[in-house]
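Numbering-wise (the working numbering), the sequence shown opens with residue 762 and increments by one.
The beta-carbon is built from N, C-alpha and C at its ideal position, and this holds for glycine as well.
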Amino acid sequence: MSAAAVIDSYFAHLAEVLRLVPREPICQALDVLRAARAAGRRVYVIGNGGSAATASHLVADLTKTARLPNGPALRCFALADNTPLLTALANDTAYERVFAEQVAALVEPGDVVIAISGSGSSANIVAGLRAAADRGAHTIGLLGFDGGAARHLVDVLIHVPCNHYGLVEDAHMAIGHALTAALRGLPLPEIGAPGDGAAVAAASVGDT
762 MSAAAVIDSY FAHLAEVLRL VPREPICQAL DVLRAARAAG RRVYVIGNGG
812 SAATASHLVA DLTKTARLPN GPALRCFALA DNTPLLTALA NDTAYERVFA
862 EQVAALVEPG DVVIAISGSG SSANIVAGLR AAADRGAHTI GLLGFDGGAA
912 RHLVDVLIHV PCNHYGLVED AHMAIGHALT AALRGLPLPE IGAPGDGAAV
962 AAASVGDT
């Protein structure tokens, strides 16, 4: 198979995966985030590897891009970003506790914990969600594969029905961008040639 054919196949598979993602739980997650913003609650996002990168990106978008003009910002934090704390917990406690210990220390009742995971089975994700429940947090899961143990530990399950890590991670990123766009309420530019660059820039202001 040629490189072009592989690329076309990947893009086609991604489009199909996104088509299969249920919309209702994304809308439920949007309601949770809107309520958190209105109440001044904090949002904590956890993930490993590529999902940790997605978590950091989502935090940037929710904090900056999703903010309404002259409105309150969502206060968001990615718990894999504090390298000294993460490695201290991994070294002195256990890697499976790196999120649970932070959740226990930081999360207050009414806060939101978002878990991003391809498999939903990572021990530190599962432990983090259990700690979030103990703290009285609202929990959202962006999961793939069969959802793993994490699917039973979240209040809102956004499940990407796919067993390919790359496609699941791409879908999770798209879901994050969709949530950001919905929180901001911005129209999307027309697909195709950009045309008026100033108009496109205005429509996508704050993108990260």
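Restricting attention to 772, 826 and 773, the CA atom closest to the CA of residue 944 is found in 826.
Within its own chain, the residues whose Cβ lies closer than 6 Å to the Cβ of residue 926, once the five positions on either side in sequence are excluded, are 879, listed in chain order. Rounded to whole angstroms, the Cβ separation of residue 921 and residue 905 is 4 Å, and the two are in contact under 8 Å.
In the structure shown, the three-state DSSP call for residue 949 is coil.
Under the three-state reduction of DSSP, residue 778 is assigned to helix. Per DSSP, reduced to three states, the secondary structure at residue 837 is strand. The stretch 855–870 and the stretch 884–903 touch, with no fewer than 3 CB-CB distances between them shorter than 8 Å. Boundaries of the beta strand (DSSP E) around residue 900: 899–904. Secondary structure at residue 813: helix, using DSSP grouped into helix, strand and coil. In this structure, the alpha-carbon of residue 912 lies about 7 Å from that of residue 902. Under the criterion of beta carbons closer than 8 Å, residue 833 and residue 801 qualify as touching, at roughly 7 Å. In the structure shown, the three-state DSSP call for residue 763 is coil.
Residue 808 sits buried, since 16 or more C-beta atoms from the chains shown fall within 10 Å of its C-beta. In terms of Cβ geometry, residue 865 and residue 896 form a close pair [threshold 9 Å]. Around the beta-carbon of residue 835, 16 or more other beta-carbon atoms lie within 10 Å, marking it buried.
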